[in-house]
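Right, one structure below, let's go through it.
Residue numbers (our numbering): 23 to 231.
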């Protein structure tokens, strides 16, 4: 985070493997300590959270922008957690986002599927491209074996990862970054995620209800 110095960080939902109705003070405190506070130690810019389940939570952490589900990036591009009726899940990474992009007529960066993938479709005539739509799915940052929201049979079809988004005056470039064996590569540099300390717990393991 400190190396890339982004202008903003957008979390596309799924902050906790706990239903919003079952959250209590301990649960929200665990979320703030485990997700938001470590992020704020290395990033003090704009933090946007798209989470229709937990958007009303008061984490006690300042400077967070909550959005119910949709976030406009630039004209022609949106981000979404993916709870809308226009999102129809595909088991192929990237297809859910691309098909959604074709339905809404906008390129989209999508959460929800826990898959990491990118698809693009262009249309035109006589060698001229007149429109291009892109759909990107951003993967997940969960511990698969501990996540109750991931069914046993679906864990092998999901990918840990995130996406880097670069916006210029006339273009948007999105790069899905896959995490394998606790490592990922950005612009040729290898980064290693810190190991999970013995005794540390995910929200699921902590029994938060």
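Where a beta carbon is used, it is the ideal one built from N, C-alpha and C, also for glycine.
I think residue 200 touches residue 186, with their Cβ atoms under 8 Å apart; what is that distance to the nearest whole Å?
Not really, about 12 Å apart at Cβ, beyond 8 Å.
Kindly give me the distance between the Cβ atoms of residue 33 and residue 71, rounded to whole angstroms, as I take these residues to be in contact under 8 Å.
Contact holds; Cβ gap of about 5 Å.
Should residue 205 go down as buried or exposed, given a rule of 16 or more other Cβ atoms within 10 Å for buried?
With fewer than 16 other Cβ atoms within 10 Å, it is exposed.
Give every residue of the same chain whose Cβ lies closer than 8 Å to the Cβ of residue 29, excluding the five residues on either side of it in the sequence, and list them in chain order.
For residue 29, where only same-chain residues beyond five positions count, the Cβ hits under 8 Å are 67 and 68.
Residues in the same chain with beta-carbon distance under 7 Å from residue 111, minus the five sequence neighbours each way, listed in chain order, please.
The residues are 118 and 135.
Please go through the region 54–129 and give each complete beta strand (DSSP E) segment of 3 or more residues, from N-terminal end onward.
List check, beta strand (DSSP E) in window: 68–72, 86–89, 92–96 and 99–102.
Starting from the C-beta of residue 202, find all residues in its chain whose C-beta is less than 8 Å away, skip the five residues before and the five after it, and write them out in chain order.
If we look at residue 202 and ignore the five residues flanking it on each side, its Cβ neighbours are 182.
Measure the CB-CB distance between residue 143 and residue 163 and report whether it falls below 8 Å.
No, the Cβ-Cβ distance between residue 143 and residue 163 is not below 8 Å.
Ordered along the chain, which non-local residues of its own chain (more than five positions away) have a Cβ less than 7 Å from that of residue 212?
Contacts found: 205.
Quick check on the burial criterion: 16 or more other C-beta atoms within 10 angstroms. Buried or exposed for residue 52?
Per the 10 Å Cβ criterion, buried.
Report the rounded CA-to-CA distance for residue 148 versus residue 157, giving the unit in angstroms.
Their Cα atoms are separated by approximately 25 Å.
What's the gap between the Cα of residue 75 and the Cα of residue 132?
Cα to Cα, residue 75 sits roughly 16 Å from residue 132.
When we look at the beta-carbon of residue 73 and count the other beta-carbons within 10 Å, is it buried (16 or more) or exposed?
So residue 73 counts as buried.
Can you tell me the Cβ-Cβ gap for residue 140 and residue 100, rounded? I've got them flagged as a contact below 8 Å.
About 15 Å; that fails the 8 Å criterion.
Cβ-heavy atom distance between residue 126 and the ligand PLP below 7 Å?
In the structure on display, the ligand PLP does not appear, and there are no ligands present to speak of.
Just reading off the beta strand (DSSP E) that residue 142 is part of, what are its end residues?
Element bounds for residue 142: 138–147.
Use the C-beta contact count for residue 214: other C-beta atoms within 10 angstroms, 16 or more gives buried, fewer gives exposed.
The residue in question, residue 214, is exposed, as its Cβ has fewer than 16 Cβ neighbours within 10 Å.
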